[in-house]
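Per my numbering, the sequence shown runs over residues 6 to 363.
Even for Gly, the Cβ is constructed at its ideal location relative to N, Cα and C.
Remember, predicted model here, so these are calculated numbers, not experimental data.
Working notes, structure below.
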Amino acid sequence: MRRNATDYERTLIFSDAAVRRLRAHRHPAFPRNYELWYTYATGYNAALNRAINEALERSPTISEDELDSLYETYLSPLRLSDRVDHVGSRILDEIVQVADILKDARGQKLDYVQKLESISERARRMGASGAPLETLAQSLLAATNATVSKTVELERRLGEAQDEMQELHHALELVRVESLTDPLTGLANRKYLESTLERALKEAADGKPFSVLVIDIDHFKTFNDTFGHLTGDQVLRLVALSLKQNVKGPDLAARFGGEEFAIVLGASDVNAALAVGERIRRAVMTKDLVKRSTGEHLGRVTVSVGVATWRSGDTGQTVVDRADRCLYAAKRNGRNLVVAETDVLARNEDLAHLRIIA
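Following this line, the structure appears as structure tokens:
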């Protein structure tokens, strides 16, 4: 994704906020401490921000022990790996148990066959001697009943193993979804966005071009500075909701950092993408922002949108870059606009070569 002057300025703001927190709480400027406060400043991790805000309500300062605990709980790169390892171990245990059950079943089958062979031999001898078959029938019935009983027990154990495997499959699916989801907005994260772009590129090569929308919240820093990060989080969720309501089916809406969002529209030309961007712009603009804690009306939020469509020879990065340049053309032309490329996107976002929807 893009790296530009705006990224530079915004990340410096986050960095300054993180350093101020380190100083205010007198925390050593270790990389993990800085990472935690930087993440808090971005509002990217909703669960972390909630936990820190609750801790600050209890006490004006956060101890180093609390900071370590917060990092291990919400940011440690080992968390997801540990969960995957745990589920993987349980699956291996279940596989071993099922293998043991199948081994028992083979053993029972062999035992039953041997009993039938023994009874068959006894029948041959009893027939030759004229002895009654009642004793033989009782032996056969006893062997059959024992096998049926063991079969019922095996079915019970297999049923339990199946239930456990389904539970483990669900647990792995939750881990997979979590690894691809932005925790604050519930949209896809940047990792999922990039994999979707790769898939869209393959489909485009087969004759199914796609479009990309890059969306940025107008004056988002003002909301954060004026009303605080909790209100900023509310703004992000509001915009995310508008994206979810206007992106359907196989199309993907994602957050890839800060107040920036992206949409990948499969099998969509520039006109279809423009229509989606316009619906989102209007949907966001019509929502009235209310501060939950006080009920105070904070005004309305707007977004700027840039649109680009795949061309032969494109990579995911080049499509996004063109949409990004359209976005910044919208920003410089007054914001609250949807701007799409035409046949040629001029250097320096020359608006004469862009189509603008007000």
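Same chain only: Cβ atoms within 7 angstroms of residue i, ignoring 5 sequence neighbours per side
i: Val240; result: Ile222, Phe225, Phe228, Leu294, Val306
i: Trp42; result: Ala23, Arg26, Leu27
i: Leu279; result: Val312, Val343, Ala345, Ile362
Closest Cα partner of residue i within the set the options
i: Asp319; options: Ser216, Leu248, Val310, Glu301; result: Ser216
i: Ile268; options: Val325, Glu59, Ala147, Met290; result: Val325
i: Arg287; options: Ala278, Glu62, Leu61, Leu342; result: Leu342
i: Ile220; options: Leu332, Glu14, Thr78; result: Leu332
i: Ala210; options: Val281, Thr78, Gly271; result: Gly271
i: Val281; options: Thr44, Leu218, Glu59, Gly191; result: Leu218
i: Asn58; options: Glu301, Glu165, Thr186, Leu235; result: Leu235
i: Asp238; options: Arg37, Lys292, Pro188, Glu169; result: Pro188
i: Ala193; options: Phe19, Tyr76, Asp168, Gly262; result: Gly262
i: Asp230; options: Thr47, Arg37, Asn38; result: Thr47
i: Asp329; options: Phe266, Met290, Thr190; result: Phe266
i: Thr190; options: Glu264, Ala334, Leu17, Arg284; result: Glu264
Span separating the alpha-carbon of residue i from that of residue j
i: Ser64; j: Val244; result: 32 angstroms
i: Asp21; j: Glu172; result: 45 angstroms
i: Tyr197; j: Arg327; result: 20 angstroms
i: Asn276; j: Val310; result: 14 angstroms
i: Leu185; j: Arg337; result: 33 angstroms
i: Asn50; j: Phe232; result: 18 angstroms
i: Glu301; j: Asp73; result: 36 angstroms
i: Met290; j: Leu246; result: 13 angstroms
i: Ile18; j: Asn251; result: 32 angstroms
Residues near residue i in its chain [Cβ-Cβ closer than 8 angstroms; skip 5 each side]
i: Glu14; result: none
i: Glu199; result: Gly321
i: Asp274; result: Pro214, Ser216, Thr314
i: Ala60; result: Ile67, Glu71, Leu75
i: Leu80; result: Arg37, Glu40, Leu41, Thr44, Asn50, Leu53
i: Ala29; result: Thr66
Chain C contact for residue i (CB, 9 angstroms cutoff)
i: Leu243; result: Annotation note: the requested chain C is absent from the structure, which comprises a single protein chain.
Chain-order list of residues whose beta-carbon lies under 6 angstroms from that of residue i (same chain, five-residue window excluded)
i: Trp315; result: Ala209, Pro214, Phe215, Val324
Residue i, DSSP secondary structure in three states
i: Phe266; result: strand
i: Ala34; result: coil
i: Asp238; result: helix
i: Phe261; result: strand
i: Ile222; result: strand
i: Thr314; result: strand
i: Arg340; result: coil
i: Val295; result: strand
i: Thr66; result: coil
i: Val217; result: strand
i: Ala272; result: coil
i: Val306; result: coil
i: Thr5; result: The chain is shown from 6 up to 363; residue 5 falls before or after that span and cannot be answered.
Residue i: CB within 8 angstroms of a non-hydrogen atom of the ligand ZN
i: Thr78; result: Although the ligand ZN was asked about, the structure shown includes no ligands whatsoever.
Notebook entry, point to check: Taking contact to mean at least 3 C-beta pairs separated by less than 8 angstroms, is the region 29-42 in contact with the region 66-81?
Noted result: At 8 angstroms Cβ cutoff, the stretches touch.
Check: Quick one: any contact between the region 312-327 and the region 249-260, if contact means 3 or more CB pairs under 8 angstroms?
Finding: Counting Cβ pairs under 8 angstroms, fewer than three are found: no touch.
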